[in-house]
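Residue numbering for the sequence shown follows the working numbering, starting at 3 and increasing by one per position.
The beta-carbon is built from N, C-alpha and C at its ideal position, and this holds for glycine as well.
In this text the structure is predicted, and so the values were computed from the model without any measurement.
Let me begin by presenting the structure, written as structure tokens, before commenting on it.
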Amino acid sequence: MTQHELVFPAEAEGMRLDKWIAALGIGLTRCAVQGLIVSGNVTVDGNTVPKNCRPKPGADIHVNVPPPEEVEVVPQDIPLDIVYEDDDLLVVNKPKGMVVHPAVGNYDETLVNALLYHCRGSLSGINGVIRPGIVHRIDKNTTGLLIIAKNDAAHQGLAEQIKAHSFTREYEAIAAGHFPEKTGTIDAPIGRSTADRKKMCVTDKNAKPAVTHYEVLRQFAGTAHLKLRLETGRTHQIRVHLAYIGHPVYGDNVYGKAVKGTQGQCLHARKIGFVHPVTGAYLEFTAPPPPYFQKLLEKMEKQ
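If you want it as structure tokens, here you go:
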């Protein structure tokens, strides 16, 4: 168990306890702090308190963070769309709605559960038992290509390429609005939002450089079909960047707005290219957008 002994400062007078602790930078989101308060793991002057507590200056705050629960990740016989496979890695085409690895609220039916069954335990262990073989990720409602490492040597070689930004990563998306220019580049740093720790945003605070190149393939009435190339690979990069310039991904209910019938953002990881970490050969794979994406494009074309 991790323990934090704190003193509520005078400059924070009137501030809610959960918000103050979350802003300290000790690795706890406001939601996590609220959970600790409810479970009695946060005390003020030795007493448990409600979530809306506003301590007095000088109060002694104790925060106890229990160790994470051990999660057993079990193999599950879930069909995989495998684009390529050899002894060191495989490339899969992930469907919409599938979470990449287990997390709170999604402990089974993830890509990792399927990989454990398919690979019979032959996956790299660098990212631990929760994310075996996972070199990079795409969001639950983003479809498309992912590389999986079967051993640590392959994982390290692929991770080095990601760090050097030498991967070829191309996406297709449907975005809201009219694009006056045929091509463009969004160069804006991305960091975690201080208002909502589950979201990312363009910011100069604790941010990393992020560059996205886009090309308008077709312009419709109120939407556009885009091809995008990632120069960097930040969390939610395309979704954040497009929202930042006023053209959120169509159907993105986090950075834009939900659209009935889309079941999430219309974003597809279409192409991936990399140097095989063992053979040294350059490999490149493509996967067309899923049927629902294609049908939506056809519908927009006719409007």
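Nearest-angstrom Cα separation, counted from residue j out to residue i
| i | j | result |
| --- | --- | --- |
| residue 293 | residue 264 | 12 Å |
| residue 283 | residue 136 | 21 Å |
| residue 280 | residue 202 | 34 Å |
| residue 285 | residue 173 | 17 Å |
| residue 51 | residue 299 | 53 Å |
| residue 301 | residue 199 | 36 Å |
| residue 102 | residue 148 | 10 Å |
| residue 190 | residue 144 | 22 Å |
| residue 112 | residue 118 | 10 Å |
| residue 291 | residue 87 | 21 Å |
| residue 134 | residue 105 | 13 Å |
| residue 76 | residue 127 | 15 Å |
| residue 43 | residue 63 | 10 Å |
Close beta carbons around residue i, own chain, < 6 Å, minus the five adjacent residues each side
| i | result |
| --- | --- |
| residue 55 | 19 |
| residue 185 | 217 |
| residue 273 | 172, 288 |
| residue 226 | 177, 181, 218 |
| residue 159 | 279 |
Residue i, enclosing alpha helix (DSSP H) - first and last residue
| i | result |
| --- | --- |
| residue 116 | 113–121 |
| residue 272 | Element bounds for residue 272: not the alpha helix (DSSP H) but the beta strand (DSSP E), 269–277. |
| residue 154 | 154–165 |
Chain-order list of residues whose beta-carbon lies under 7 Å from that of residue i (same chain, five-residue window excluded)
| i | result |
| --- | --- |
| residue 82 | 94, 116, 120 |
| residue 15 | 59 |
| residue 79 | 119 |
Residue closest to residue i, alpha-carbon to alpha-carbon, out of the options
| i | options | result |
| --- | --- | --- |
| residue 215 | 231, 48, 224 | 231 |
| residue 4 | 220, 250, 68 | 68 |
| residue 241 | 35, 181, 192, 278 | 192 |
| residue 177 | 260, 50, 204 | 260 |
| residue 233 | 254, 75, 213 | 213 |
| residue 271 | 278, 262, 289 | 289 |
| residue 254 | 175, 150, 50 | 175 |
| residue 209 | 220, 200, 195 | 195 |
| residue 36 | 77, 66, 47 | 66 |
| residue 269 | 275, 278, 257 | 257 |
| residue 204 | 165, 248, 164 | 248 |
| residue 188 | 243, 98, 75 | 243 |
| residue 161 | 228, 61, 9, 277 | 277 |
Contact under 8 Å by Cβ, residue i with residue j
| i | j | result |
| --- | --- | --- |
| residue 100 | residue 53 | no |
| residue 169 | residue 305 | no |
| residue 24 | residue 31 | yes |
| residue 125 | residue 152 | yes |
| residue 155 | residue 91 | no |
| residue 6 | residue 28 | yes |
Neighbourhood of residue i by C-beta, 8 Å cutoff - its chain only, sequence neighbours within 5 removed
| i | result |
| --- | --- |
| residue 235 | 138, 164, 167, 169, 171 |
Limits of the unbroken beta strand (DSSP E) element including residue i
| i | result |
| --- | --- |
| residue 306 | Residue 306 is absent from the model: the chain starts at 3 and stops at 305. |
| residue 238 | Segment: none, residue 238 is in no beta strand (DSSP E) and carries neither H nor E. |
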